[in-house]
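Enquirer: Shown below is the structure under consideration.
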Amino acid sequence: MGSSGKSSGNDTSSGNSPTSFFTARTPILGLKLYVVIIATVLISISIFVFIFLFLRSIRKSKRRRICLRQSSGLLPLVCKEIVGVKNLDHSEISKVEDYVKKEKECRPILSKDAKKCIEIESSEGKKASSESNESSTSRSESSSALSASTSSDGMQIGWGRCYSLKELEIATNGFTDDNVIGEGGYGIVYRGILLDGSVVAVKNLLNNKGQAEKEFKVEVEAIGKVRHKNLVGLIGYCAEGAQRLLVYEYVNNGNLEQWLHGDVGPVSPLTWEIRMKIAIGTARGLAYLHEGLEPKVVHRDVKSSNILVDRKWNAKVSDFGLAKLLGPEKSYVTTRVMGTFGYVSPDYASTGMLNEGSDVYSFGVLLMEIITGRSPVDYSRPPAEMNLVDWFKGMVANRRGEELLDPLIEIHPSPRALKRVLLVCLRCIDMDANKRPKMGQIVHMLESEEFPYRAEPRLMPETAHLPPHAAAGGNRVRLPPKEVNHEEEERSRRR
Numbered sequence: 008m009g010s011s012g013k014s015s016g017n018d019t020s021s022g023n024s025p026t027s028f029f030t031a032r033t034p035i036l037g038l039k040l041y042v043v044i045i046a047t048v049l050i051s052i053s054i055f056v057f058i059f060l061f062l063r064s065i066r067k068s069k070r071r072r073i074c075l076r077q078s079s080g081l082l083p084l085v086c087k088e089i090v091g092v093k094n095l096d097h098s099e100i101s102k103v104e105d106y107v108k109k110e111k112e113c114r115p116i117l118s119k120d121a122k123k124c125i126e127i128e129s130s131e132g133k134k135a136s137s138e139s140n141e142s143s144t145s146r147s148e149s150s151s152a153l154s155a156s157t158s159s160d161g162m163q164i165g166w167g168r169c170y171s172l173k174e175l176e177i178a179t180n181g182f183t184d185d186n187v188i189g190e191g192g193y194g195i196v197y198r199g200i201l202l203d204g205s206v207v208a209v210k211n212l213l214n215n216k217g218q219a220e221k222e223f224k225v226e227v228e229a230i231g232k233v234r235h236k237n238l239v240g241l242i243g244y245c246a247e248g249a250q251r252l253l254v255y256e257y258v259n260n261g262n263l264e265q266w267l268h269g270d271v272g273p274v275s276p277l278t279w280e281i282r283m284k285i286a287i288g289t290a291r292g293l294a295y296l297h298e299g300l301e302p303k304v305v306h307r308d309v310k311s312s313n314i315l316v317d318r319k320w321n322a323k324v325s326d327f328g329l330a331k332l333l334g335p336e337k338s339y340v341t342t343r344v345m346g347t348f349g350y351v352s353p354d355y356a357s358t359g360m361l362n363e364g365s366d367v368y369s370f371g372v373l374l375m376e377i378i379t380g381r382s383p384v385d386y387s388r389p390p391a392e393m394n395l396v397d398w399f400k401g402m403v404a405n406r407r408g409e410e411l412l413d414p415l416i417e418i419h420p421s422p423r424a425l426k427r428v429l430l431v432c433l434r435c436i437d438m439d440a441n442k443r444p445k446m447g448q449i450v451h452m453l454e455s456e457e458f459p460y461r462a463e464p465r466l467m468p469e470t471a472h473l474p475p476h477a478a479a480g481g482n483r484v485r486l487p488p489k490e491v492n493h494e495e496e497e498r499s500r501r502r
């Protein structure tokens, strides 16, 4: 009996052991308990991973929609600072590369066969239609002029997309040298393609002693709310940490300096009509800055490299990093002399007093450059021809205006048209700033075919119609006496 009691005790202890509990079979397909637990855990983990991936894909799609959708609200001046930049997503980079491959745009060709690749409008009907299209686009641009919002610094800025640094890095393919389209003292300009396929110009400002922050604020304040067909539009900006970037519309035909001084072959594609179209477009843009805005904007760096042109040779003034605002109560502002040598007006260089007359002088030098094809200062020429302004004045004074024309112009303008533009140049570079015309007047001068000549011919003196002996007074020609009506004379006296 003792032995049987011991055996029964061992059986109960073995039945209550943990191993027997997990190895016991369950009603679920007769599987053991530990198999069911492991299967349940694996199924739960897989469901959790699936839900996580699904939510992540939804979040990514929302972000892409936000990137493609234009912002409709007021945006702050500075985005949230990001300490570090994550590595670029290779899938997004591949998408951008696909956009680059699909895009079929030609860059400006500054070679000997450039003339073959350029379509020049010849007929009057085409010119009229292009002018009507330009007027319609200018109306649409003016109607979509953006209202300004006030930042924490109290600076007025227009609506503009606040891009992240990662977006612009993807658009420019990591700011590679292959995408560089311009470089200056204050930054490098890259060509970029956004995720929606639009082509933009991204200016990365160099932070030299805080200069990037100054130029960033000046450009956003000056042209953030400006929309004009002859001014490069500011699309957006980026401000993360110490990085300051500006996003502009992309103008796809280079700048005026490239077309004037680049290797374009024996005959320049810039005909006289095209050069006048560029000059008038530049004058319109500056006139809008001076007379169409409040406060007025003085560009302070008008030069050929800052005049961009599109495929239809429409001029667009760019680079407002040195611009100054001039209130209605001020006729000038005293500032440190800035600008490009050869374009700066002498009165501004000597006194530091800046107003719109400084831009007028710079435009006059630019107009001389357009006519002659010469740089404002060229040390490779003889001493008498190094300075464009002095040489230009001397040639006009010696009645050698036709020799001023760029030798690369195949068809010369009429003497009347040439004299009109030469006189506009001389008026713009008048040493007395008060005698220089306004930019709005310059637009009318360049557009008017009769300026500065009189519309009506001058009347010849009466002696020219008389015979020589009559004019000399030998035998005077007497006119018949006029009959006088006494009754009408009395009536007039009574009245």
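According to my numbering, the stretch in the sequence shown is residues 8 to 502, in order. We put the beta carbon where it would ideally sit given N, CA and C, even for glycine.
Taking the beta strand (DSSP E) that ASN199 belongs to, which residues open and close that run?
Expert: Position 192 of the sequence shown holds residue 199. Here residue 199 is Gly; the residue named in the question, Asn, does not match the sequence. That run of the beta strand (DSSP E) goes 194-200.
Enquirer: DSSP has CYS245 in a bridge; who is on the other side?
Expert: Looking up residue 245 in the sequence shown gives position 238. Looking at the DSSP assignment, CYS245 forms a beta bridge with LEU252.
Enquirer: Provide the residue span of the beta strand (DSSP E) that contains LEU213, from first to last.
Expert: By 1-based counting over the sequence shown, the position of residue 213 is 206. Note, LEU213: premise wrong, no beta strand (DSSP E); not H, not E.
Enquirer: Taking only three categories from DSSP, how would you classify GLU521?
Expert: Residue coverage of the chain in this structure runs from 8 to 502, which leaves residue 521 outside it and unanswerable.
Enquirer: Rounded C-beta distance between VAL344 and LYS331? I'm assuming under 8 Å.
Expert: Translated into the one-based positions of the sequence shown, residue 344 becomes position 337. Translated into the one-based positions of the sequence shown, residue 331 becomes position 324. No, VAL344 and LYS331 are not in contact; Cβ-Cβ is about 12 Å, not under 8 Å.
Enquirer: Please report the distance separating the alpha-carbon of VAL48 from that of LEU201.
Expert: Position 41 of the sequence shown, counted from the first residue, corresponds to residue 48. Position 194 of the sequence shown, counted from the first residue, corresponds to residue 201. Taking the straight line joining both Cα atoms gives about 45 Å.
Enquirer: So if DSSP puts LEU315 in a beta bridge, which residue, or which two residues, is it bridged to?
Expert: Position 308 of the sequence shown holds residue 315. Per DSSP, ASN262, LYS323.
Enquirer: Since ALA249 contacts ASN211 with CB under 8 Å, what's their CB separation in whole angstroms?
Expert: Reading the sequence shown from its first residue, position 242 is the one you call residue 249. Reading the sequence shown from its first residue, position 204 is the one you call residue 211. About 12 Å separates the two Cβ atoms, so there is no contact after all.
Enquirer: Smallest Cα separation from TRP320: which of THR289, HIS306, SER64, ALA404?
Expert: The count along the sequence shown starts at 1 and reaches residue 320 at position 313. It is THR289.
Enquirer: Please report the distance separating the alpha-carbon of PRO464 from that of VAL384.
Expert: The residue labelled residue 464 in the question sits at position 457 within the sequence shown. The residue labelled residue 384 in the question sits at position 377 within the sequence shown. At PRO464, the pLDDT of 43 sits below 50, so the modelled position is not reliable and the matter cannot be decided from this model.
Enquirer: Is the beta carbon of GLY401 within less than 7 Å of some heavy atom of the ligand SAH?
Expert: This structure lacks the ligand SAH, and indeed carries no ligand of any kind.
Enquirer: Would you mind stating whether LEU333 and LYS303 have Cβ atoms separated by less than 8 Å?
Expert: As a first step, residue 333 is located in the sequence shown; it is residue number 326 there, counting from the start. As a first step, residue 303 is located in the sequence shown; it is residue number 296 there, counting from the start. Taking 8 Å as the Cβ cut-off, LEU333 and LYS303 qualify as a contacting pair.
Enquirer: Touch check for the stretch 394-406 and the stretch 425-440: three-plus C-beta pairs under 8 Å?
Expert: Short answer: they touch.
Enquirer: Quick one: what does DSSP say ARG32 is sitting in, helix, strand or coil?
Expert: Against the sequence shown, residue 32 aligns to sequence position 25. Of the three classes helix, strand and coil, the one that applies to ARG32 here is strand, per DSSP.
Enquirer: How would you write the range of the beta strand (DSSP E) that LYS303 sits in, first residue to last?
Expert: Here residue 303 refers to the residue found at position 296 of the sequence shown. Where LYS303 is concerned, the enclosing beta strand (DSSP E) stretches over 303-305.
Enquirer: Which complete alpha helix (DSSP H) runs does the stretch 265-301 hold, if anything under 4 residues is left out?
Expert: Within the stretch 265-301, the complete alpha helix (DSSP H) runs of at least 4 residues are 279-298.
Enquirer: Could you check what DSSP says for THR179 in three-state terms: helix, strand or coil?
Expert: Translated into the one-based positions of the sequence shown, residue 179 becomes position 172. Note: THR179 maps to coil in three-state DSSP.
Enquirer: Quick check on THR342: does DSSP put it in helix, strand or coil?
Expert: Counting from one through the sequence shown, the residue named residue 342 turns up at place 335. Note: THR342 maps to coil in three-state DSSP.
Enquirer: Note down, in chain order, each residue of its chain lying with its Cβ closer than 8 Å to the Cβ of LYS445, except the 5 sequence neighbours on either side.
Expert: As a working mapping, residue 445 is identified with position 438 in the sequence shown. Closer than 8 Å at Cβ, skipping near neighbours: ALA294, HIS297, GLU298, GLU363, VAL367.
Enquirer: So LYS400 is in the alpha helix (DSSP H); what residue range does that whole segment cover?
Expert: Walking along the sequence shown from the start, residue 400 turns up at place 393. Its alpha helix (DSSP H) spans residues 395-404.
Enquirer: Inspect the CB distances between the stretch 255-271 and the stretch 305-316 and report whether three or more fall short of 8 Å.
Expert: Yes, the stretch 255-271 touches the stretch 305-316.
Enquirer: Whole angstroms is fine: what's the gap from ILE65's alpha carbon to ILE58's?
Expert: Looking up residue 65 in the sequence shown gives position 58. Looking up residue 58 in the sequence shown gives position 51. Using only the alpha carbons, I get a separation of about 11 Å.
Enquirer: VAL254 and TYR170 - do their beta-carbons sit closer together than 8 Å?
Expert: Mapped onto the sequence shown, residue 170 falls at position 163. Mapped onto the sequence shown, residue 254 falls at position 247. In this structure, VAL254 lies closer than 8 Å to TYR170 by Cβ.
Enquirer: Quick one: what's got a C-beta closer than 7 Å to GLY408's C-beta in the same chain, skipping five residues either side?
Expert: Against the sequence shown, residue 408 aligns to sequence position 401. Within the same chain, GLY408 has close Cβ partners MET402, LEU425, LYS426, LEU429.
Enquirer: So, is ILE45 buried or exposed, given that buried needs 16 or more other C-beta atoms within 10 angstroms?
Expert: Translated into the one-based positions of the sequence shown, residue 45 becomes position 38. ILE45 should be labelled exposed.
Enquirer: In or out: GLY199 buried (at least 16 other Cβ within 10 Å) or exposed?
Expert: As a first step, residue 199 is located in the sequence shown; it is residue number 192 there, counting from the start. Buried is the call here.
Enquirer: Could you tell me how far apart the beta carbons of VAL309 and SER369 are, in whole angstroms, since I believe they sit closer than 8 Å?
Expert: For the purposes of this step, residue 309 is identified with residue 302 of the sequence shown, where counting begins at 1. For the purposes of this step, residue 369 is identified with residue 362 of the sequence shown, where counting begins at 1. With a Cβ gap of about 4 Å, VAL309 and SER369 count as contacting.
Enquirer: With the cut-off set at 8 Å, would you say VAL233 and LEU329 are in Cβ contact?
Expert: The residue given as residue 233 occupies position 226 in the sequence shown. The residue given as residue 329 occupies position 322 in the sequence shown. Contact flag unset, no.
Enquirer: Within 10 angstroms of the Cβ of LEU361, are there 16 or more other Cβ atoms? Answer buried if so, exposed if not.
Expert: Position 354 of the sequence shown, counted from the start, is the residue given in the question as residue 361. LEU361 comes out buried.
Enquirer: How far does the beta strand (DSSP E) with LYS331 in it reach, from first residue to last?
Expert: Residue numbering aside, residue 331 sits at position 324 when the sequence shown is read from its first letter. Its beta strand (DSSP E) spans residues 331-333.
Enquirer: Buried or exposed, going by whether 16 or more other CB atoms sit within 10 Å of the CB of LEU36?
Expert: Numbered from its first residue, the sequence shown carries residue 36 at position 29. By the neighbour-count rule (16 or more Cβ atoms within 10 Å), LEU36 is not buried but exposed.
Enquirer: Between GLY240 and the rest of its own chain, which residues show a CB-CB distance below 7 Å, the 5 nearest in sequence each way excluded?
Expert: Translated into positions along the sequence shown, residue 240 becomes position 233. Same-chain partners within the cutoff: ARG234, TYR255, GLU256.
Enquirer: Consult DSSP for ARG427 and reduce its assignment to one of helix, strand or coil.
Expert: Within the sequence shown, numbered from 1, the residue matching residue 427 stands at position 420. Of the three classes helix, strand and coil, the one that applies to ARG427 here is helix, per DSSP.
Enquirer: Consult DSSP for LEU60 and reduce its assignment to one of helix, strand or coil.
Expert: To locate residue 60, count along the sequence shown from 1; it is residue 53. In this structure, LEU60 counts as helix in the three-state DSSP scheme.
Enquirer: For LYS224, does the three-state DSSP call read helix, strand or coil?
Expert: Counted from its first residue, the sequence shown places residue 224 at position 217. Helix, per DSSP.
Enquirer: Identify every residue that forms a DSSP beta bridge with VAL206.
Expert: Locating residue 206 in the sequence shown gives position 199, where the first residue counts as 1. According to DSSP, which records beta bridges pairwise, VAL206 is partnered with ILE200.
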